[in-house]
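Novice:
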Amino acid sequence: NRSPYHDPRTWKMTPAMIRARRPYFWKNATAFVVLSGITVGIYLYTYSFLGQDDFEDVPIPPISEAELVKLKKEYEASKKSQ
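Following this line, the structure appears as structure tokens:
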């Protein structure tokens with residue numbers, strides 16, 4: 156399966172392939188920058204929005220003192236084993 160756009164020995168692009176891709180390079184680079192910028196912007200906005208939330212509207216289930224002590228011991232034991 157011989158391709159006219161790749162050197163069969165090195166699989167590098169031939170000058171014909173480079174010429175064929177040249178008109179699309181800057182358009183593709185611009186599209187990449189725009190799409191990456193949108194993605195990073197959404198992530199940063201979400202991260203900053205969640206950083207401001209104090210989650211006070213989330214109810215905390217009631218827990219007895221004995222169960223709280225037991226959970227603290229389990230947490231400390233798992234922390235030491237790591």
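According to the working numbering, the residues represented by the sequence shown are 156 to 237, in order. We put the beta carbon where it would ideally sit given N, CA and C, even for glycine.
Rounded to a whole number of angstroms, what is the C-alpha to C-alpha distance between residue 233 and residue 227?
Specialist: Near 10 Å, if we compare the C-alpha coordinates of residue 227 and residue 233.
Novice: Alpha carbon to alpha carbon, how far is residue 192 from residue 211? Give it in angstroms, no decimals.
Specialist: Residue 211 and residue 192: Cα-Cα distance of roughly 32 Å.
Novice: List the whole-angstrom C-beta distance separating residue 163 from residue 171, where the pair is believed to meet the contact cut-off of C-beta under 8 Å.
Specialist: Rounded, the Cβ-Cβ distance is 14 Å, inconsistent with contact.
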